[in-house]
Amino acid sequence: MFFAIDPPEAARADLSAALEPLRETPGAPRWSAPHRWHLTLLFLGAVPEQRVPRLVAAAAPAVASAPPMTLRLAGGGRFGSLRRPQVAWAGVDGDVVPLTALAARLAAAARSLRLPVEDRPFRAHLTLGRWRPRQPADGSVTDRLAGYRGPTWPVTEVRLLESHLGPAPTYDTVAAWPVGSSHPS
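In structure tokens:
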């Protein structure tokens with residue numbers, strides 16, 4: 003289970019077009035499909051079914067206190083070393099400070115329910131793909147996105163998603179909350 007923000011279709015399409023020249027580059031990662039792209043605010047893994055209603059209730063005020071935000075996908079990078087890259091990502095520009103604060107409030111809400119939360123700082127990014135272990139990898143592929151700046155877009159909602167793994171992974175929305183609705187425009 004995880005909390006996420008979905009970039010709108012126009013932002014996804016723009017980034018997908020920017021990635022087109024990189025898709026067949028030798029050593030490129032296995033790219034994920036644009037319809038699966040999202041900004042993960044907090045990954046929780048498996049949440050016991052009986053705790054889900056309390057998680058939903060605890061997340062509501064965390065999201066309600068978020069101000070309106072505008073973001074854009076910009077730049078690119080990797081997690082892992084240049085020689086052994088693991089994850090290709092696009093960066094995020096715009097209202098990253100309130101986005102980071104929102105992620106921290108969601109983590110605090112999860113911790114208050116004694117759910118395990120990773121103890122590393124939130125880093126706003128959108129996962130574009132993954133390199134396969136023990137396959138030829140060129141970690142510099144995402145460096146070619148350094149100058150990329152996508153269109154700006156307003157954050158409209160945060161979703162709590164449950165993932166179903168398999169050959170064609172899917173996500174089910176458990177709950178969703180509007181962003182910025184409790185703040186005057």
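If you read the sequence shown in our numbering, its first letter stands for residue 3, the second for the next number, and so on.
All C-beta atoms, glycine included, are put in the ideal place defined by N, C-alpha and C.
None of these values were measured; they are calculated from a predicted model.
key: Where E120 falls: helix, strand or coil (DSSP)   = coil
inquiry  = Buried or exposed for H250, going by 16 or more other Cβ atoms inside 10 Å?
reply    = In the structure as shown, the chain begins at 3 and stops at 187. Residue 250 is therefore absent and cannot be evaluated.
ask   = Can you tell me the Cα-Cα spacing of R85 and A92, whole angstroms?
value = 19 Å
query = Are there 16 or more other CB atoms within 10 angstroms of the CB of G152, so buried, or fewer, so exposed?
reply = buried
ask   = Alpha carbon to alpha carbon, how far is R44 from F124?
value = It is worth fixing the name first, because residue 44 is Leu in this sequence and not Arg. Straight-line Cα distance between these residues: approximately 8 Å.
message = Taking only three categories from DSSP, how would you classify S165?
response = strand
message = With a threshold of 8 Å between beta-carbons, can A19 be considered close to chain B, or not?
response = No chain B appears in the structure shown, which is made up of a single protein chain.
request  = Check each candidate in W39, L130, A20, L117 and name the one with the smallest Cα separation from Y173.
outcome  = W39
Run of the alpha helix (DSSP H) containing L101, from where it starts to where it stops = 98 to 114
beta-carbon L162 near the ligand GTP non-hydrogen atom, thresh 7 Å = Ligands are entirely absent from the displayed structure, and the ligand GTP is therefore not among its contents.
Inter-residue spacing [alpha-carbon to alpha-carbon] between L163 and V58 = 11 Å
key: Under the three-state DSSP convention, the category H40 falls into   = coil
Buried versus exposed call for G78 [16 or more other C-beta atoms within 10 Å across all chains shown] = buried
Rounded separation between T27 and R107 - CA only = 39 Å
query = Mapping DSSP to helix, strand and coil, what is Q52?
reply = helix
inquiry  = Here's the rule I'm using: 16 or more other beta-carbon atoms within 10 Å means buried, otherwise exposed. How should A35 be labelled?
reply    = exposed
task = Give me whichever residues DSSP pairs with P156 in a beta bridge.
result = T72
inquiry  = Tell me which residue opens and which closes the beta strand (DSSP E) that L24 is part of.
reply    = L24 -> no beta strand (DSSP E), and no H or E assigned at all.
query = Quick one: what's got a C-beta closer than 6 Å to V65's C-beta in the same chain, skipping five residues either side?
reply = V160, W179
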